[in-house]
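Numbering (the numbering used here), first residue to last: 1 to 56. Here a beta-carbon is modelled for each residue, glycine too, at the ideal position from N, C-alpha and C. Since the model is a prediction, treat every value here as computed from it, not as a measurement.
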């Protein structure tokens, strides 16, 4: 089961989809490049594997 929510963050505000992890204190921001309808110019290796960016 996956929990997904829309949140607004930043200035100017941006509405983003996040994947909520109920087992950890982490929140995952879903990138459009990993969506099923990803742009043609998307780097396939990044889209298929996903990309984790640590912002701490």
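Rounded separation between residue i and residue j - CA only
i          : j          : result
residue 16 : residue 5  : 8 Å
residue 19 : residue 2  : 7 Å
residue 26 : residue 11 : 22 Å
residue 8  : residue 23 : 23 Å
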